[in-house]
Structures are given as C-alpha cells and as structure tokens.
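Those protein sequences? They're chains A and B, same order as listed.
The opening residue of the first sequence carries number 1 in the numbering used here; numbering runs sequentially from there.
The opening residue of the second sequence carries number 1001 in the numbering used here; numbering runs sequentially from there.
The beta carbon of each residue, even a glycine, is placed where N, CA and C say it ideally should be.
To start, the structure itself, in structure tokens.
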Amino acid sequence: MVYYVFTLVFFLFDYFILAMGLNIQYGEAGILNFAYIGFVAIGAYFTGVFSLPNGAGTGQHYILGLGLPFPVNLLLGGLAAMCFAWIVALIALRRLRTDYLAIVLISLSLVLYDFCNNYVSLFNGADGLYNVPEPFAKALGLSVNSFIPFFACVTAVVSLLMWFVMSRVMRAPMGRTFRAIRDDEVAAAALGKDVFRMQLKSMLIGSFYAGIGGGLLIQFGGSFNPTAWLPGETFVVFAVLIVGGAGNNIGMFVGALFVETLLIHLPAFLPEIPGHPGLIEYFDNAVVGIVLMLVLWFRPQGVVPERLRRAASFGVRERQDGDPATDAAGLAAVHAAAGLRGGQ
Amino acid sequence: MSLRCEGITKAFQGVHAVNGASFDVPDDRITALIGPNGAGKTTVVNILSGAMTCDSGREFIGETEVTNWPSHKIARRGLMRTFQLSRELGGLTVLENMLVAPAHQAGDSLVNLLFRPALVREQEREHAERALELLETYGLYGQRDLRARELSGGQKKLLEIARAVMASPKILLLDEPMAGVNPALIERIGGYILELKQRGVTVLMIEHNLNVVEQICDYVIVLAEGRTLATGRLSELRENADVVKAYLGEVIDAGAPR
C-alpha cells in the first residue's frame, strides 16, 4: 500500500515539474513543443549515464559512464536537455513559428526516438539503461521498499524548489515578455523585444525542467528505455497543462494530480475486471482524451486559469479614478515623467 | 531625432507596393504621410519600423543607417510605432501592456531574478508608477487591471499610443491613430500628439483626415503609387495639380474626406 501511494506521489510531483517546463514554453511563450518528451528522455538518459559506472562489464552499451553521485548527475542531465534545446532552437526556432515549428519538433521527436531505439552504443538501444544506482540508498541503508517513499519525498522537495524559481520567472518582467510574445510577436518586437532571444530563453528553461523531470524518472525506477517515452507521451504532458490551466503553476499541480496521478497511474492499481485482465490500463489514454475534450469544450482556460497581475501587487500608491488630464500642464508633467525631454 | 529614407522599394509577387519612396521626416515636427488607398503608406511604415524588409533603398535614423534592421533593434534606437489595426497584447492587463515597453529591464535576466530580486522589484515599482501616471493622463486608469482585449476600439488606440510613449521614444510612427474614433477622442489624441512634439518627439503619422493634418501637422509627405509625389505644407500642396489629381481631388472643398 505504501509502495502504491508513494509511487503516485512521485508521479504527481515529477509531472508537476514536467508540466511547469512545458508551461513556460507553451503556456507563457507560445512555443508548441511537440518534442517535449524527447527533452525528458535526453535528461533521463544523461542522468543515467552520468550515474552508471563505466559500461565495460555491465552487459550494457552506453556513452560516458562517469559514476557521478546524485544530485550532480541530475543537474548535468538537466543541462544536457538544455544544450539539446539550444541546438534545436538555433536551427528551428530562428526561422519557424507556430504550426511549422510544431511539425518540425514532432518530426524531431520521432527521429530522436528511432535513433535512441536503434543505435545501441548510445543508450543501450531498445533495452535502455538499467541498474542505475539508487540515490543515497547505500549511504542511508535504504531497502527497496523504503527507497520509494524516500525518493518520492526527494522529488517533492525538488519540485517545490523548482516551483519557487518558476513563480519568480513568471511574475517577473521575463514572464511578462514571454506572454507579450505569445500574444503578438510583431507588437512585442515593435516594443524592442528580441523575440528569438526571449523564446530561446523559454526553450532553455523549459528543457532544463524536462531534463530534471526525466532524470528523476530514471532515478526512481532505476531504468529507462524507449517504451517510457513514446512520442505520444508529449500529449500526456500537454493534457496536464491544458486540464490544469496554461499559464498557472498551481494549475500544473492540479493537472498533474488529475491527469497523471488519477487517470494514468491510479487505474493500474485498481482491481481487474474478471475475465478481462489488464483491460482497465488500456483505457487510460482514451479517458485522458475524453477529459481533454470536455475541458476544452466547457472550460478552455483550464481548472485553474492564468491569473492576472493587478496594479496593487506592484507596491504602487493607489489613486482616484478621474478624468484624463487634458490641460497642457498635466500632459507636460506626465510626458516629462515618462522620460521625454523638454520642449524646444 | 530625424528619420530619412532613400529610394525604398518593395514588391509583393511582382507588384510594386513601394517603388522608390524617398523623404526626410524633420526633427521634432509632426509630419503627415498621406496618399490614396494602396499608395504604400502602411508598407513604408512597416519597412521603416523593421516589421518588413525592403528590396532596395536605405533608411537612416539620425546619422545611423538602419536599413533592414530587425524591429527590436530599430525600437531600441528610439523609433516606436502604433498599428493601423490595434495590436494590443490581449492576454495582458492594460498596466502590463505598458510595462512591456521600457527598455533594459533588469527582470528580463534570470541572474537578476534569482540573485538581485530587490533591484528587479524596485525597478518594477518605478515603472508601474510611471505607467499608472500615463494611464491616468490617457484616460485608461480605470481600466488598468482589465485584459487589453476587453477594451473598446478607441481605448485600444489610446493604449497603443500610451504604450509607445512609455518606451520614451525619439521618433513615433502612428498608423492612422484617428481611424474609427469619435470626434471628441480625435481632439484628445491630437492634443497628446502635439504635446509629444513639444517634448521633442519626431512624429510621422499616416492620416486621412485633412482637418487633423491641417491643425496639427507641420509638414506633409504625399505618397502615390509607391513613390513620393510631393512634400511641403498642406496649404502649398493644395496648389499642386499632381497632388490634387492623385489624392485631394474634390475633398479640397469639402474639408475632411470622411
């Protein structure tokens, strides 16, 4: 029972991280990243190969094998996903937008999947990586059963830290610029915003989150192979984001709780229907699809919609609503305050 | 700061929208860009502001050549613009629209966000104070917390101008700022533009309302078939047979064309 509960807790917080990463890309900056699960996989694989010992004698084939401790390997896994995003962005993001970018990214996801599945020397091909050392298990003397609650708690702490940072970003001018670009690229550029540079930032931050989420996945299960990141998995993260409410971190948590924990993972723990073993599990994607359609139809802004930032939250003094200043003196004073130089 | 272009051309699938437009927009003056529909006025403004590249020709802001620079770089040189169809940032509040405008915001950097939050907060507060003052002036204070997409057409026009002013422009390109707004608001917008001129902002505005041009513009550029047909004061242009034929026509007697 403890195993079941903490497995659900782990997936809740891990998908909270993944959804926050996709949110900064899609919910905030409007980048339709259909290759998101590819960045999760890069993070997972690199966290694995940074943690695993040298490949010789393990029966697996993989690069690196540096035997680095947790959380160094996890951070490097996140950075690897970020580097991959940087390369992708330099090629795709500079020229392409919206639908075209989405098509290129979904193609990239498929190519990456086939490549990792078939090129054995990289991440052990279709068998994937396994026997990845469990963080702190030896040092703390954790058994297989006690490791799961322990690591679910570690994931929760990591996700809260990442939530704190993400909230700062979204509340700050950076988040506002992302949303400005999402709403109207041309207007944002006319206001002096470097659209490519800002979208690149959003890609990098989001991919770091994807990489960390992936890294935690491989550390939790001890293994990771191509069945864990079929390209369609991207749409589960999109479902988390859309159901929860794009543009709101609390929405990401609610979405992760509802979609990932309750709809995807909980059914696996339900009793089987007599005579139809495993039938319930096959329904998870169909149920997610139906829920997604219902949300888009009845509540397109998601369960917890994007919050508006009100003037009072900037710490400015309130004033009376009044008539606009139309006299020359009033106008002059305001324009002068706006930094425009004096008349000549 | 002055704005100058020489021999700008732009063709769309072989059709010349702009075909050698050349003109000077004098320093600290309000200049009108007029011409018949399809003369290439908006295309010229799009090219000058970097939203479009030109096929040939040159553009200068002051002494610096900025031909085919991207929008954001031209904006950072101090050239701001508004659009014919308002391009408010619909999902942001009116106040947030204003706050996007200032250049060099500390909070656009992740390093500052994480390690210098006090600096970011203080700068945000200062910008918000300034933005609210401008909103008050432009009559949008009461709408500060509304999403910009919820504003009326006239309010969106005002927000676009206020947002451009928030960026402390040296040159302001206004694409039909009076289109579709009521007469009282036309007067108010005219007042704002005149005041900006007093503050040393160079204004280039596309305008069809000749009453407005007559009242607030110092100088007029007439564009026809993508070329500069004539430049000068409106009173002089009324005597120019080419201008009368191409654009003014019978509206001379009627005053405003609309």
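Distance, residue j Cα to residue i Cα
i: residue 154/A; j: residue 57/A; result: 31 Å
i: residue 142/A; j: residue 195/A; result: 48 Å
i: residue 1070/B; j: residue 96/A; result: 16 Å
i: residue 74/A; j: residue 80/A; result: 10 Å
i: residue 9/A; j: residue 276/A; result: 28 Å
i: residue 188/A; j: residue 1065/B; result: 23 Å
i: residue 961/B; j: residue 192/A; result: It is not possible to answer for residue 961/B, since the shown part of chain B is limited to 1001 through 1258.
i: residue 115/A; j: residue 226/A; result: 10 Å
i: residue 1192/B; j: residue 16/A; result: 48 Å
i: residue 1092/B; j: residue 1048/B; result: 27 Å
i: residue 1076/B; j: residue 1030/B; result: 21 Å
i: residue 1/A; j: residue 250/A; result: 28 Å
i: residue 1136/B; j: residue 1106/B; result: 25 Å
i: residue 308/A; j: residue 296/A; result: 21 Å
i: residue 122/A; j: residue 129/A; result: 10 Å
i: residue 1202/B; j: residue 1024/B; result: 11 Å
i: residue 349/A; j: residue 1103/B; result: This structure does not reach residue 349/A, given that chain A is present from 1 up to 344, and the question cannot be answered.
i: residue 312/A; j: residue 1134/B; result: 16 Å
For residue i: DSSP bridge partner residues
i: residue 285/A; result: DSSP output for residue 285/A lists no bridge partner at all.
i: residue 1232/B; result: 1220/B
i: residue 952/B; result: Nothing about residue 952/B can be reported from this structure: the residues present for chain B run from 1001 to 1258 only.
i: residue 1141/B; result: Residue 1141/B is not bridged to any residue.
i: residue 1009/B; result: 1019/B, 1056/B
i: residue 1065/B; result: 1060/B
i: residue 129/A; result: 224/A
i: residue 62/A; result: 123/A
i: residue 276/A; result: 273/A
i: residue 1003/B; result: 1025/B, 1061/B
Cβ shell of residue i (< 8 Å), same chain only, five flanking positions each side left out
i: residue 1255/B; result: Because the pLDDT of residue 1255/B is 47, which lies under 50, any placement of that residue in the model is unreliable, and the number read from its coordinates should be weighed accordingly. Same-chain partners within the cutoff: 1210, 1211.
i: residue 1252/B; result: Any answer about residue 1252/B is weak, because its pLDDT of 47 lies below 50 and its placement is not dependable; what the coordinates show is given next. Here the set comprises 1238, 1244.
i: residue 1035/B; result: 1041, 1222, 1223, 1224, 1229, 1246, 1247
i: residue 1044/B; result: 1005, 1008, 1018, 1021, 1033, 1223
Cβ of residue i within 7 Å of any chain A Cβ
i: residue 1100/B; result: yes
i: residue 1093/B; result: yes
i: residue 1155/B; result: no
i: residue 1104/B; result: no
Extent of the continuous alpha helix (DSSP H) run through residue i
i: residue 1187/B; result: 1183-1198
i: residue 1112/B; result: 1110-1115
i: residue 73/A; result: 72-88
i: residue 13/A; result: 2-22
i: residue 358/A; result: Outside the shown range of chain A (1 to 344) lies residue 358/A, about which nothing can therefore be said.
i: residue 250/A; result: 249-255
i: residue 179/A; result: 173-183
Cut-off 6 Å between Cβ atoms - residues of its own chain near residue i, not counting five sequence neighbours on either side
i: residue 1138/B; result: 1158, 1162
i: residue 1234/B; result: 1213, 1214, 1220
i: residue 47/A; result: 73, 74, 77, 215, 218
i: residue 279/A; result: 273
i: residue 13/A; result: 155, 156, 159
i: residue 182/A; result: 29, 30
i: residue 67/A; result: 53
i: residue 45/A; result: 123
i: residue 287/A; result: 263
Beta-carbon proximity list for residue i, same chain, < 7 Å, skipping 5 on both sides
i: residue 82/A; result: 204, 207, 208, 211
i: residue 11/A; result: 260, 261, 265
i: residue 175/A; result: 28, 169
i: residue 221/A; result: none
i: residue 1016/B; result: 1009, 1226
i: residue 127/A; result: 225
i: residue 1012/B; result: none
i: residue 1140/B; result: 1094, 1155, 1158, 1159, 1162
i: residue 223/A; result: 128, 129, 130, 132
Any C-beta of chain B under 7 Å from that of residue i
i: residue 176/A; result: yes
i: residue 168/A; result: yes
i: residue 192/A; result: yes
i: residue 246/A; result: no
i: residue 241/A; result: no
i: residue 308/A; result: yes
i: residue 30/A; result: no
i: residue 344/A; result: Unreliable placement is indicated for residue 344/A, whose pLDDT of 33 sits below 50; the coordinate value is still reported in the next sentence. So yes, residue 344/A belongs to the interface.
i: residue 341/A; result: No answer about residue 341/A holds up, because its pLDDT of 49 lies below 50 and its placement is not dependable.
i: residue 27/A; result: no
i: residue 314/A; result: yes
i: residue 300/A; result: no
Residue i, enclosing beta strand (DSSP E) - first and last residue
i: residue 1033/B; result: 1030-1034
i: residue 1024/B; result: 1015-1025
i: residue 1203/B; result: 1202-1206
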